[in-house]
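Visitor:
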Amino acid sequence: MLIKANSEEIQDFFSDASYLRGGYAARVTFPETADEVNAILAQATREKTPVTISGAGTGTVAGRVPFGGTVLATDKLDRIKSIVRDSAGGRAIVEAGVRLIDLQRAVESEGLMYPPDPTERSCFLGGNVATNASGARTFKYGPTRNYVTGLKLALATDRSSSWRTLRGCKGPNLDSASLWSCDSRAVAFISNASGSQACLRLFRHAGNGCD
Ligand SMILES: Cc1cc2nc3c(=O)[nH]c(=O)nc-3n(C[C@H](O)[C@H](O)[C@H](O)COP(=O)(O)OP(=O)(O)OC[C@H]3O[C@@H](n4cnc5c(N)ncnc54)[C@H](O)[C@@H]3O)c2cc1C
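If you read the sequence shown in the numbering used here, its first letter stands for residue 414, the second for the next number, and so on.
This is the structure:
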């Protein structure tokens, strides 16, 4: 697993689009698997040090600005695991570090549409779920949580952190998906079957300017 501790190399992870100053951390880790995520969280729990999850850093409320401890960067959890068409439209299984624009392009090439879009398309889907990202399309289609049908989370609450799959996370109802996708400081990490993941609902692309 890549770990960077050179302060010049990791400066970019100490800020986001809020431009809050003063962020700092000892290191930035770049896990590529669930086991690596688990190891980071377990160590931090043992040592009682904070972990800040980093998406693309487009958040405007300083949620990813660290004040000590370790940054867990999701940049290398960037796989679209599957895009499946079904009678209702389709679904996609993605890792936390997939860029929104990459998912949009991938589903559009299948004639499908993923509506949530907070304007800044370089953001990661993990960041979108954590902040329940909205945007202009939300007036018509609703926010990100309406499209999350399943999450796999790694929690740092136990002595050794473990993976938990939330089942039955459906649509717009207030449920556990909503709970986890409304708290950008949740001690959770959206991640896939062998790593970490979210399952997202897709529409058939109407092809008539449904933006
Ligand atoms: C020009 C511009 C326009 C924007 N317009 C909108 C808008 O219209 N609507 C809107 O809602 N937002 C908007 N945003 C804000 C931003 O794009 C969204 O909040 C986006 O969802 C953040 O994603 P990110 O990957 O950049 O997350 P980051 O900024 O990296 O992180 C945001 C928060 O999510 C947490 N997080 C990130 N990944 C995970 C994960 N895998 N597991 C758990 N927690 C995680 C971080 O710790 C942090 O607290 C805009 C931003 C910009 C710069």
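Just so it is clear, CB atoms sit at the ideal spot from N, CA and C, and this is done for glycine as well.
Does DSSP put S604 in a helix, in a strand, or in coil?
Guide: Position 191 of the sequence shown, counted from the first residue, corresponds to residue 604. Because S604 sits at a pLDDT of 47, beneath the cut-off of 50, its placement in the model cannot be relied upon, and the point is left open.
Visitor: Pull up the distance between the alpha-carbon of D499 and that of F616, whole angstroms please.
Guide: Numbered from its first residue, the sequence shown carries residue 499 at position 86. Numbered from its first residue, the sequence shown carries residue 616 at position 203. Roughly 10 Å separates the two Cα atoms.
Visitor: Which residues in the same chain have their Cβ closer than 8 Å to the Cβ of G622, if we skip the five residues on either side of it in sequence?
Guide: For the purposes of this step, residue 622 is taken as residue 209 along the sequence shown, with counting starting at 1. Residue placement at G622 is flagged as unreliable, the pLDDT there being 42, under the threshold of 50; the coordinate-derived value follows with that caveat. If we look at G622 and ignore the five residues flanking it on each side, it has no Cβ neighbours.
Visitor: Counting pairs of beta carbons, one from the stretch 543-562 and one from the stretch 461-477, are three or more of them closer than 8 Å?
Guide: At 8 Å Cβ cutoff, the stretches touch.
Visitor: Under the criterion of a Cβ to heavy atom distance below 7 Å, does I466 qualify as lining ligand 1?
Guide: Here residue 466 is taken as the residue at index 53 of the sequence shown, counted from 1. True, at least one ligand heavy atom lies under 7 Å from that Cβ.
Visitor: Output the boundary residues of the alpha helix (DSSP H) element that contains L568.
Guide: Counting from one through the sequence shown, the residue named residue 568 turns up at place 155. No alpha helix (DSSP H) contains L568, which is instead part of the beta strand (DSSP E) from 561-568.
Visitor: Who pairs with K417 in a beta bridge, going by DSSP?
Guide: For the purposes of this step, residue 417 is identified with residue 4 of the sequence shown, where counting begins at 1. Answer is V441.
Visitor: Distance check for T532 and Y554, CA to CA, integer angstroms please.
Guide: Walking along the sequence shown from the start, residue 554 turns up at place 141. Walking along the sequence shown from the start, residue 532 turns up at place 119. Approximately 14 Å between the Cα atoms of the pair.
Visitor: Tell me which same chain residues have a C-beta within less than 7 Å of the C-beta of S609, skipping the five on either side of it?
Guide: In the sequence shown, counting from the first residue as 1, residue 609 sits at position 196. Bear in mind that the predicted position of S609 carries a pLDDT of just 44, short of 50, making it unreliable; the figure below should be weighed with that in mind. Within the same chain, S609 has close Cβ partners A447, V450, L490, E508, A509, K565, A567, F602, I603.
Visitor: For the beta strand (DSSP E) holding D499, just list the boundary residues, first then last.
Guide: In the sequence shown, counting from the first residue as 1, residue 499 sits at position 86. Counting along the chain, the beta strand (DSSP E) containing D499 begins and ends at 493-499.
Visitor: Rounded to the nearest angstrom, how far is the Cβ of P627 from that of A438, given a contact under 8 Å?
Guide: Residue 627 is absent from the structure shown; the chain starts at 414 and stops at 624.
Visitor: Report the residue ranges of all alpha helix (DSSP H) runs contained in full by the stretch 512-564; include only those spanning at least 4 residues, in chain order.
Guide: Here the runs fully enclosed are 513-521, 538-544, 551-554.
Visitor: Quick check: the Cα distance between T562 and G503, rounded to an integer number of angstroms?
Guide: Taking the sequence shown and counting its residues from 1, the one referred to as residue 562 is at position 149. Taking the sequence shown and counting its residues from 1, the one referred to as residue 503 is at position 90. Rounded to the nearest angstrom, the two C-alpha atoms are 11 Å apart.
Visitor: Following the continuous alpha helix (DSSP H) through V450, name the residue where it begins and the one where it ends.
Guide: Along the sequence shown, read from residue 1 onward, the residue named residue 450 stands at position 37. Looking at the DSSP string, the run of the alpha helix (DSSP H) that includes V450 is 447-460.
Visitor: Can you give me the start and stop residues for the beta strand (DSSP E) that S467 sits inside?
Guide: Taking the first residue of the sequence shown as 1, we reach residue 467 at position 54. Here the beta strand (DSSP E) through S467 covers 464-467.
Visitor: Got a sec: does ligand 1 put a non-hydrogen atom nearer than 7 Å to the Cβ of N541?
Guide: As a position in the sequence shown, residue 541 is number 128, starting the count at 1. True, at least one ligand heavy atom lies under 7 Å from that Cβ.
Visitor: Tell me whether T462 is buried or exposed, calling it buried when 16 or more other Cβ atoms sit within 10 Å of its Cβ.
Guide: Within the sequence shown, the letter at position 49 stands for residue 462. T462 comes out exposed.
Visitor: With distances taken Cα to Cα, identify the nearest neighbour of L485 among Y432, I496, E421, L415.
Guide: In the sequence shown, the residue the question calls residue 485 occupies position 72. The option with the nearest alpha carbon to L485 is L415.
Visitor: Assuming I466 and T487 form a contact by the criterion Cβ under 8 Å, report the distance between their Cβ atoms to the nearest whole angstrom.
Guide: Here residue 466 refers to the residue found at position 53 of the sequence shown. Here residue 487 refers to the residue found at position 74 of the sequence shown. Rounded, the Cβ-Cβ distance is 7 Å, consistent with contact.
Visitor: Quick check: does the Cβ of E533 come within less than 7 Å of any heavy atom belonging to ligand 1?
Guide: On the sequence shown, residue 533 is found 120 positions in, with the first residue counted as 1. Yes, ligand 1 has a heavy atom inside 7 Å of this Cβ.
Visitor: Taking the CB atoms as reference points, tell me whether I493 and L516 lie closer together than 8 Å.
Guide: As a first step, residue 493 is located in the sequence shown; it is residue number 80 there, counting from the start. As a first step, residue 516 is located in the sequence shown; it is residue number 103 there, counting from the start. Contact: yes.
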